[in-house]
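Numbering (the working numbering), first residue to last: 1290 to 1400.
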């Protein structure tokens, strides 16, 4: 049985949360860690030493893949108002935890 841990750092909502859950179930990822007292993707709480946690999880027998998912709220100006956006990042070595369903993936030279 494949297992992995994702370290969820901030919030996702609505359709993104639903598609993320579906991706976890389809790919077999079954464990997510969040800071004590928070819901996944519900706060701006963070896990101190996340890189060390990921390394420790990857070193465990039976763990196929583990990676940190980092996210934050962003704001973009649209006319005279601000639009709330969400940005996320995945460790390059854990990129396989997401799947591109439309368009093309970024190439190494993309910024």
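Every residue, glycine too, gets a C-beta built ideally from N, C-alpha and C.
Would you kindly report the start and end of the unbroken beta strand (DSSP E) that includes residue 1370? 1370-1379
For residue 1335 and residue 1362, the rounded distance between their alpha carbons: 14 angstroms
Using a Cβ-Cβ cutoff of less than 8 angstroms, which residues in the same chain neighbour residue 1364 once the five nearest sequence positions on both sides are dropped? 1371, 1372, 1373 and 1374
Measure the CB-CB distance between residue 1383 and residue 1356 and report whether it falls below 8 angstroms. yes
Residue 1343 versus residue 1349 - alpha carbon distance: 10 angstroms
List the DSSP bridge partners of residue 1365. 1372
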